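Numbering (this note's numbering), first residue to last: 10 to 305. Think of the CB as a built atom: it goes at the ideal place given N, C-alpha and C, for glycine as much as any other residue. Only a predicted model underlies this, so the values are computations on that prediction, with no experimental measurement involved.
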């Protein structure tokens, strides 16, 4: 399978000369394999370019879009996805339920006439919506999709896509689990620690041995100290998670919109300088960028 990154930026699009190397579009990753449906992870602004390319590819007629969650930066490109307007395509959308609204209701709201000139009911493609939680499913003839809840201010899923013994993990918008009780007046401090460790261990088990993991790394360790509870991870925390899970390669993802290309390169260099030691179990790491294609 081939994994293509079309949007790697978090929170809000950040186009411009300072972000042109890694890209300014918000999250979208496409996974392709010969004679299989197209799998899409999230529908940030990067999905617009994907749609243009899909229209040109006559071999594609079935598309499965998996949403990690429905925060704006992960759905804002959907109305501009060209296959939605073409009856040739069967498009199945999957995502978690929250706030008593299902996926269809949430995505339909952003395409109400107040916000967009075409409503969901007027789209030409054969579209279906599927509310999911932690599950495992088969897609096409050879893809397997597994999901797990992660730590974010709204219900959010991580995905592992597997095919022919190879696996790709997509863990965007995740904050490391931590003890929420800092003293006994708030609750059982030890119980809080145990719960955080249990959740961390479950995520490590989920990621165990995947070939490539694309993981939220929006902040530096110093930035993260003032952003507790915002639902995102630091570069170091994501690298440590990958090491503990025995990941084959880490792709740092969901770049901060204020992070320039130069700053991203510096972050990667600093991480490598501090931890690049094969004997210590370090994981190869690279920065996600628009246009990056990984073959597994």
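| Asked | Found |
| --- | --- |
| Tell me where the alpha helix (DSSP H) around residue 304 begins and ends. | Element bounds for residue 304: not the alpha helix (DSSP H) but the beta strand (DSSP E), 302-304. |
| Tell me whether residue 123 sits in a helix, a strand or coil according to DSSP, three-state version. | coil |
| Pull up the DSSP beta-bridge partners for residue 106, would you. | Its beta-bridge partners do not exist; DSSP assigns none. |
| Helix or strand or just coil, what does DSSP make of residue 287? | Residue placement at residue 287 cannot be trusted, given a pLDDT of 48 that sits under 50; the coordinates are not used to answer. |
| Hey, residue 224 and residue 242: beta-carbon distance below 8 angstroms or not? | yes |
| Are the beta-carbon atoms of residue 270 and residue 28 separated by less than 8 angstroms? | yes |
| Exposed or buried, what is residue 179 when buried is set at 16 or more other beta-carbons lying within 10 Å of its beta-carbon? | buried |
| In this structure, does DSSP put residue 28 in helix, strand or coil? | helix |
| Note down, in chain order, each residue of its chain lying with its Cβ closer than 8 angstroms to the Cβ of residue 135, except the 5 sequence neighbours on either side. | 96, 98, 99, 100 |
| When you compare the CB positions of residue 298 and residue 31, do they come within less than 8 angstroms of one another, or not? | yes |
| Since residue 148 is in the beta strand (DSSP E), which residue starts that stretch and which ends it? | 145-148 |
| Run the CB neighbour count on residue 61, radius 10 Å, all protein chains shown included, and call it buried at 16 or more, exposed below. | exposed |
| Determine the direct distance from the alpha carbon of residue 232 to that of residue 131, and round the result to whole angstroms. | 44 angstroms |
| The alpha helix (DSSP H) spanning residue 60 covers which residue range? | 56-65 |
| Under three-state DSSP, which class holds residue 140? | strand |
| If you measure between the beta carbons of residue 64 and residue 92, is that distance less than 8 angstroms? | yes |
| Look at the Cβ atom of residue 15, then the Cβ atom of residue 87, and state whether they are nearer than 8 angstroms. | no |
| Following the continuous beta strand (DSSP E) through residue 73, name the residue where it begins and the one where it ends. | 71-75 |
| Applying the criterion that 16 or more other CB atoms from any shown protein chain within 10 Å of the CB defines a buried residue, is residue 157 buried or exposed? | buried |
| With which residues is residue 264 paired in a DSSP beta bridge? | 18 |
| Relative to the alpha-carbon of residue 309, which residue among 18, 184, 204, 51 has its alpha-carbon at the smallest distance? | The shown model of the chain, from 10 to 305, leaves out residue 309, and the question about it has no answer. |
| Identify whether residue 254 lies in helix, strand or coil by the three-state DSSP scheme. | helix |
| How far does the alpha helix (DSSP H) with residue 198 in it extend, from its first residue to its last? | 198-216 |
| What are the boundary residues of the alpha helix (DSSP H) that residue 228 is part of? | That residue, residue 228, is in no alpha helix (DSSP H); it is neither H nor E in DSSP. |
| Which same chain residues, not among the five before or five after residue 273, have their C-beta less than 7 angstroms away from its C-beta? | 31, 264, 296 |
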